[in-house]
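Taking it in order: structure first as structure tokens, then the write-up.
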Amino acid sequence: MADGGSRPDRASGWIVLREGEQRRWGGDVRRHHVFTRLAERTGARVVEGGWRPGPLRRAVLGPLGALPGVLANRLPARGPRPRFASSEKLRDALLDAAIALTDPAAVAIYDDPAAQSRALGVALEPGWLDELRRRQRRNAEAFRWLVVPSRSFADLAGLDPERVVVGGNGTDTSRVRPGPWPDVPCVGILSAAAPGRGLELLVNAARIARERVHDLRLRMWLVSTGGATDRYLAEFRGSVAGEPWVEIGGAAYDDLGRAAASATLLCIPHPPNEYMDVALPVKLFDSLAVGRPLVVTPRTETAAIVDRHGVGVVAGGDTPEALAAAMVTLLDDPPLARRLGAAAREVAEREFDWRIVGDRIARAVLAREGEPPPDPVGGPNREDRLSSA
Numbered sequence: 128m129a130d131g132g133s134r135p136d137r138a139s140g141w142i143v144l145r146e147g148e149q150r151r152w153g154g155d156v157r158r159h160h161v162f163t164r165l166a167e168r169t170g171a172r173v174v175e176g177g178w179r180p181g182p183l184r185r186a187v188l189g190p191l192g193a194l195p196g197v198l199a200n201r202l203p204a205r206g207p208r209p210r211f212a213s214s215e216k217l218r219d220a221l222l223d224a225a226i227a228l229t230d231p232a233a234v235a236i237y238d239d240p241a242a243q244s245r246a247l248g249v250a251l252e253p254g255w256l257d258e259l260r261r262r263q264r265r266n267a268e269a270f271r272w273l274v275v276p277s278r279s280f281a282d283l284a285g286l287d288p289e290r291v292v293v294g295g296n297g298t299d300t301s302r303v304r305p306g307p308w309p310d311v312p313c314v315g316i317l318s319a320a321a322p323g324r325g326l327e328l329l330v331n332a333a334r335i336a337r338e339r340v341h342d343l344r345l346r347m348w349l350v351s352t353g354g355a356t357d358r359y360l361a362e363f364r365g366s367v368a369g370e371p372w373v374e375i376g377g378a379a380y381d382d383l384g385r386a387a388a389s390a391t392l393l394c395i396p397h398p399p400n401e402y403m404d405v406a407l408p409v410k411l412f413d414s415l416a417v418g419r420p421l422v423v424t425p426r427t428e429t430a431a432i433v434d435r436h437g438v439g440v441v442a443g444g445d446t447p448e449a450l451a452a453a454m455v456t457l458l459d460d461p462p463l464a465r466r467l468g469a470a471a472r473e474v475a476e477r478e479f480d481w482r483i484v485g486d487r488i489a490r491a492v493l494a495r496e497g498e499p500p501p502d503p504v505g506g507p508n509r510e511d512r513l514s515s516a
């Protein structure tokens with residue numbers, strides 16, 4: 128297991144592995160940004176050539192990195208090994224290369240496959256679930272510092288609390304921007320398409336809210352990740368096909384602000400379970416960036432953000448009636464909705480833009496490494512503390 132209290136003396140310089148041009152939605156954006164400020168602060172070599180061993184080997188070994196993997200991994204280190212940060216858990220071949228050629232310092236762990244599959248009602252094949260658990264365990268053992276969305280997530284995932292860095296989550300406010308307020312009352316949601324995310328609950332709540340707000344519309348921007356989620360989305364579309372006030376579509380990340388501008392409020396209707404209580408979903412922060420008030424079910428971490436920053440309403444329970452009542456509170460009071468929406472955009476820019484979140488993560492990781500560097504030229508001068516999120 129990695130030793131959180133020390134690192135090899137020969138470690139020098141940094142390599143950061145992050146998502147490249149494929150930034151279709153929030154998870155991709157997170158994998159691009161989570162260690163970008165760390166790379167800027169340390170002058171790291173940034174690897175964006177895909178999640179395969181080859182680009183990492185070439186970054187460390189130069190032309191010798193083109194040798195077959197077994198040979199390249201066995202080459203003797205020439206001088207200090209670079210410290211290595213990965214914005215995602217690694218498969219075996221890439222992790223083997225990282226262990227052999229670098230000093231694995233930090234990895235971002237933002238999901239737990241076993242807990243998430245239970246929460247979403249997705250029945251994973253037992254052998255595949257065991258493999259995902261093994262991969263997470265192996266990554267957690269290989270890296271010194273484990274960057275996570277929340278302390279409660281780390282506890283649920285069984286991660287070593289002495290090696291955890293609470294990084295939170297974020298949004299790209301330069302890409303997700305507010306649009307003009309709608310003329311017709313509308314509830315919106317930005318979400319992956321999967322069971323267990325409360326989509327049916329939201330539809331039922333909107334039906335109840337329409338008894339008071341008769342012209343209310345529901346617009347759902349849903350992302351399918353293929354396979355079972357495609358089938359689920361087709362079935363879900365069928366379940367609301369006879370209700371023209373419900374619209375289901377998609378939106379590219381750069382179009383989220385324009386699309387979601389048609390919503391008066393945005394909703395995160397997660398049902399009660401242990402995983403949803405510890406999650407800080409990307410859609411929460413993208414919704415803030417859209418500049419609309421939020422209505423959320425009383426999940427622990429999500430509700431804490433909404434309450435702490437005054438950006439929306441937490442439903443009084445998990446029933447459709449409780450969610451509808453929270454939505455009507457904002458639909459019946461447009462000035463309140465606009466004030467909370469403005470607060471949402473302001474806090475997204477001030478606290479949760481990825482440059483700010485990434486800066487806090489970089490400072491925390493480097494402090495753990497005992498080498499907090501000066502801000503890069505032109506870099507922001509922000510607080511060293513991590514967000515309590």
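Taking my numbering, the leading residue of the sequence shown gets 128, the next gets one more, and so forth. Note that CB positions come from ideal geometry on N, CA and C, so glycine has one too. Small disclaimer: the values here were computed from a predicted structure and weren't measured.
Every alpha helix (DSSP H) stretch that sits fully inside the region 344-370 and reaches 4 residues is listed by chain position as 355-366.
The beta strand (DSSP E) runs lying completely inside the region 368-425 and spanning 3 residues or more are 373-376, 392-395 and 421-423, given in chain order.
When rounded, the separation of the alpha-carbon atoms in PRO396 and TYR402 is 14 Å.
Under the criterion of beta carbons closer than 8 Å, ASP404 and THR424 do not qualify as touching, at roughly 10 Å. With the rule of 3 Cβ pairs closer than 8 Å, the region 301-317 does not count as touching the region 160-173.
Restricted to the region 295-323, not a single alpha helix (DSSP H) segment is unbroken, complete and at least 4 residues in length.
In this structure, LEU144 keeps its C-beta atom at 9 Å or more from the C-beta atom of LEU188. Linking ALA442 to GLU146 through their CA atoms gives a straight-line distance of about 36 Å.
Going by DSSP, GLY485 is part of the alpha helix (DSSP H) stretching over 481-496. Around the Cβ of TRP178, a 10 Å sphere holds 16 or more other Cβ atoms; the residue is buried.
Of ARG385, ARG435 and VAL373, the smallest CA-CA separation from ALA332 is found for VAL373.
Selection LEU247, GLY254 and SER214 evaluated against PRO398 yields LEU247 as nearest (Cα-Cα). Shortest Cα-Cα distance from TYR237 to any of ALA224, LEU463 and ASP282 involves ASP282.
Restricting attention to ASP257, LEU256 and GLY297, the CA atom closest to the CA of SER414 is found in GLY297. The beta carbon of PRO312 sits closer than 8 Å to the beta carbons of VAL340, ASP342, LEU343, ARG344, THR391 and LEU458 from its chain, once the five residues preceding and following it are set aside; these are given in chain order. Rounded to whole angstroms, the separation of the alpha carbons of ALA355 and TRP481 is 31 Å. Rounded to whole angstroms, ARG487 and ARG168 show a C-alpha spacing of 12 Å. PRO240 is the residue among PRO240, LEU165 and ALA452 whose C-alpha sits nearest the C-alpha of GLY254. For the region 248-290, the full-length beta strand (DSSP E) segments reaching 3 residues or more read 272-275 along the chain. In this chain, the alpha helix (DSSP H) harbouring ILE432 covers 427-436. Between GLU476 and ALA416, the CB-CB gap stays under 9 Å. Contact check for ALA368 against MET454 fails: the beta carbons are separated by 9 Å or more. Burial is judged here by how many other beta carbons sit within 10 angstroms of a residue's own beta carbon; THR352 has fewer than 16 and is exposed.
Under the criterion of beta carbons closer than 8 Å, ALA232 and ARG210 qualify as touching, at roughly 4 Å. Burial check for ALA361: the Cβ neighbour count within 10 Å stays below 16, so the residue is exposed. According to the DSSP assignment, ILE226 belongs to the alpha helix (DSSP H) that extends over 219-228. Under the three-state reduction of DSSP output, VAL474 falls in the helix class.
PRO288 sits away from LEU407, with the two beta carbons spaced by 9 Å or more. Counting of Cβ neighbours within 10 angstroms places SER366 among the exposed residues, the total staying below 16. Check the Cα spacing between ALA269 and each of ALA171, ARG419 and ARG290: the tightest is with ARG290.
Secondary structure of VAL161 (DSSP, three-state): coil.
Within the same chain, and ignoring the five residues on either side of ALA451 in sequence, the residues whose Cβ sits closer than 6 Å to its Cβ are ALA332, ILE335 and ALA336.
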